[in-house]
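Novice:
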Amino acid sequence: MIYKNLLLTALLACGLSVYGQQNQYLTVSKDGKKVGLSEAGASFLAQLPLHCIQTEYPNKPNHTIETAQEVALSPKQLHPSFYGCLDWHSSVHGHWMLVKILKTYPNLPETQQIIAMLENSFSTENLQKEADYFSQYKLAKGFERTYGWAWVLKLDEELLTWDSPMAKRWHKSLQPLTQVIVQRWMEYLPKQTYPNRTGVHPNTAFGMVFALDWARATKNIAFEQLLVQRSKDYYFKNKAVAATLEPDGTDFLSPSLEIADLMRRVLTPQAFTKWFNQFYTAEGLKNVLQLPIVSDRSDYQIVHLDGLALSKAWCLLGIAKQLPKTDLRKKQFQEKATTFLQKTLPNIANGNYGGDHWLGSFAMYALSLEVE
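Reading the sequence shown from the start, the letters are residues -20 to -1, 1 to 352 in mature numbering (1 follows the signal peptide of the UniProt record, and there is no 0).
Have a look at this one:
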């Protein structure tokens, strides 16, 4: 309940005012215990991907040029579904965000615009081309490994768990790409000797979090077992992690919190608490509970640190759920998560494309998590 009350305060800090039990961007239950985004709030967030999904430039392609002929290929020619929002992975999680909003708030003023945009992106032809990309270019084997891969599976999971004829059709069209991603992961994990502990896109733990969620939602036992085993191989024996060195200057993920967010999915609550107590030193935990300082939001790399605040929030909320009710850190982590949201939400749409093209997805994911 502390989290819910503080979240209300956090969103009010975005310049909103309360009127009775509802304000512009929030809904609050009569008992004051349940807070959520209002339709106005969902409309506000929807504007971010609606603005960028079909905006081809500026663009940061992650394509490795193999022949001279490829130099002339535009982002849209390479990726007919996911060419906008500056880069492929941001476009993918922008699509996830629109699906999440449409699924949760079906009667927005933007509903028909969202549907039309998704119909185009999720056409069978376009998504087949996205899947073919991975085999058409021999150097595309590691394309978007594993951050973009993870968001494809999160998008697939969102469609799978939506009981809607439209979503079922889109989900079916996505399957060629989804299956390519799963196959790539199944091939890669057995030979990935060392995890990537960076705070940006290649982070192994973050990717495995979304992959594990997907594997369990789809009941893909073989993939789930592989993910669980590799999680333990990489992280189970980790102790006194070097969290005092976080963050790097362009991080949008906390390397240590992402590991903890994965391991709380892999271990029983009791085993996780024991593992967690050895994973962090007191100094390391104190450090990761600090709000990142963002000195220049017009800088496309420095603004990553706003994303770090949001991803820290969702990790802390998930970790708190796994801790015993008697553990004082449970309340502490919930309060810290709310602080991160409070300080960061006003900045997710500051008019600079470097943050606007992706931060809304991070905010939506953090706000969608259930809290005890």
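Built from N, CA and C at the ideal position, the CB exists for glycine as well. What you are looking at is a predicted structure, and each value in this text was computed from that prediction instead of being measured.
In angstroms with no decimal places, state the Cα-to-Cα distance between N218 and N176.
Specialist: If you take the alpha carbons of N218 and N176, they lie about 14 Å apart.
Novice: Between the alpha carbons of L28 and K134, how many angstroms are there, rounded?
Specialist: Their Cα atoms are separated by approximately 19 Å.
Novice: Please determine, among V189, S278, P182 and Y260, the residue with the shortest C-alpha to C-alpha distance to D231.
Specialist: Nearest C-alpha to D231: P182.
Novice: Which one of W194, V189, R149 and D279 has the shortest CA to CA distance from Q159?
Specialist: Measuring from the Cα of Q159, the nearest candidate turns out to be W194.
Novice: Going by the DSSP bridge assignment, what does L288 pair with across the sheet?
Specialist: Paired residue(s): none; L288 is not in a bridge.
Novice: Should L207 and L154 be called a contact, given that it needs their Cβ atoms to be closer than 8 Å?
Specialist: No. Outside cutoff.
Novice: So, are the CB atoms of E90 and A26 less than 8 Å apart?
Specialist: Yes, these two residues count as a Cβ contact at 8 Å.
Novice: Let me make sure I understand the geometry here. Which of Y333, Q93 and F313 has the alpha-carbon closest to that of K40?
Specialist: Measuring from the Cα of K40, the nearest candidate turns out to be Y333.
Novice: Is P55 buried or exposed, if buried means 16 or more other CB atoms sit within 10 Å of its CB?
Specialist: P55 should be labelled buried.
Novice: I believe L139 touches A147 by the beta-carbon criterion, under 8 Å. Please report the beta-carbon distance rounded to the nearest angstrom.
Specialist: Their Cβ separation, rounded to whole angstroms, is 5 Å, which keeps L139 and A147 in contact under 8 Å.
Novice: Keeping to the same chain, check which residues put their C-beta closer than 7 Å to that of Y174; ignore five residues upstream and five downstream.
Specialist: No residues qualify anywhere along the chain.
Novice: Might you give, ordered along the chain, the residues of its own chain that have their beta carbon closer than 7 Å to the beta carbon of T319, omitting 5 neighbours on each side?
Specialist: Excluding positions up to five away in sequence, the list reads L271.
Novice: Once DSSP output is grouped into helix, strand and coil, what is the label at Y333?
Specialist: Residue state, collapsed to three classes: helix.
Novice: Quick check on this structure: which residue in A185, W165 and K83 has the alpha carbon closest to the alpha carbon of W129?
Specialist: Nearest option by C-alpha distance: W165.
Novice: Pop quiz: L233 and L288 are said to be a contact at Cβ under 8 Å. What is the actual Cβ separation, rounded to whole angstroms?
Specialist: Right, their Cβ atoms sit about 7 Å apart.
Novice: Take the Cβ of G298 as the centre, count every other Cβ of all protein chains shown within 10 Å, and call the residue buried at 16 or more, exposed below.
Specialist: The residue in question, G298, is buried, as its Cβ has 16 or more Cβ neighbours within 10 Å.
Novice: Tell me the residue span of the alpha helix (DSSP H) that contains I201.
Specialist: Run containing I201: I201 to Y215, per the alpha helix (DSSP H) assignment.
Novice: Is the separation between the beta-carbon of F190 and that of W142 shorter than 8 Å?
Specialist: It is not a contact, given that the beta carbons lie outside the stated cut-off.
Novice: Could you tell me whether the Cβ atoms of I33 and S101 are closer together than 8 Å?
Specialist: Taking 8 Å as the Cβ cut-off, I33 and S101 qualify as a contacting pair.
Novice: Please identify the residue among L339, W76 and L296 whose C-alpha is closest to the C-alpha of V268.
Specialist: The residue with the shortest Cα to Cα distance from V268 is L296.
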